[in-house]
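Note sheet for the following structure.
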Amino acid sequence: MINKTSPQTYARICGILYLIIIITGILGQILVRGSLITTGDAASTVNNLATSSSLWRVGIAGDLLMHVFDIPVMLILYVLLKPVNKYLAILGVLFNMIQTAVLVANKSILIIPLILLGNPEYVEAFGTTQFNAMIYLLTEIHDYGFILGLIFFGFACLIYGYLIFWSGYLPKILGIMLIVAGLSYLANSFTLILIPKYYEIVFLFLVLCLIAELSLSLWLICKGVNISKWNVVSLSDE
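So in the working numbering, the last spot in the sequence shown is 285, and the numbers never skip.
Listed below in structure tokens is the structure:
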């Protein structure tokens, strides 16, 4: 049944879901956590969380919804790219799955501050200063968990980019951009782990990731795949 559906249909569904993922991810990271977490100020961060816990919850729910959409996107990318190389397409999905699993598990860290803030006894047990420091530490641990997940997504991007480049039915430039995005994700993550003093510089390269992924999603929505070339590659794959 899945092979009887036009690849254009899959491409457009994938593009729409991918765009939702991008928008949701930006809103969660910048609008929610970016507005509530005050860098270097644990007391202010805790106060923001206490007064805007609903916004924090919305951010968590949005992130989880984003990862729900990850699953059909992975499946469709496999369908679209397996005519190029089935086993590499599977490998890309596996890396992508690990990334999603890591990031979903990482969201549990964001729930802990809500539990702590909802029970005044924790403040009494730890003391205000230690309590604030602990909640701020949890937000930093979440950031590291996010970075760890992106290592696997970086490898997925390298594979997806390679397959797109050689597909013939998607623009080579999209493949190149996705490969650059994969390298940027890997550089960003390993810099934070190995040489964190340069992280703020390397972090800027994530703009390339946004450009690449946004370009791919918009291309899939607006153009999809080249059907004639898709048919040629699909027949040779069979």
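We put the CB at the ideal spot given by N, CA and C, even for glycine.
Residues near residue i by beta carbon distance below 7 Å, same chain, minus five either side
{"i": "I49", "result": "Here the model assigns I49 a pLDDT of 46, short of 50, so the residue's position is not dependable, and the following value carries that caveat. Only V126 meet the Cβ criterion."}
{"i": "I188", "result": "I156"}
{"i": "L64", "result": "F116, P119, V120"}
Coil, strand or helix - residue i by DSSP
{"i": "N278", "result": "helix"}
{"i": "P218", "result": "coil"}
{"i": "P160", "result": "helix"}
{"i": "N143", "result": "helix"}
{"i": "S53", "result": "coil"}
{"i": "P130", "result": "coil"}
{"i": "I188", "result": "helix"}
{"i": "I240", "result": "helix"}
{"i": "N273", "result": "coil"}
{"i": "A148", "result": "helix"}
Residue i - containing alpha helix (DSSP H), residue span
{"i": "I258", "result": "253-269"}
{"i": "Y169", "result": "167-173"}
{"i": "V249", "result": "246-249"}
Cut-off 6 Å between Cβ atoms - residues of its own chain near residue i, not counting five sequence neighbours on either side
{"i": "G139", "result": "A203, I206, Y207"}
{"i": "T85", "result": "S91, T92"}
{"i": "A58", "result": "L267, G271, V272"}
Cβ-based neighbour list, residue i, same chain, cut-off 8 Å, excluding 5 preceding and 5 following
{"i": "Y232", "result": "L197, I198, F200, G201, C204, L253, C256"}
Curious, which full-length alpha helix (DSSP H) runs of at least 4 residues does the stretch 56-127 contain?
You should have 89-98.
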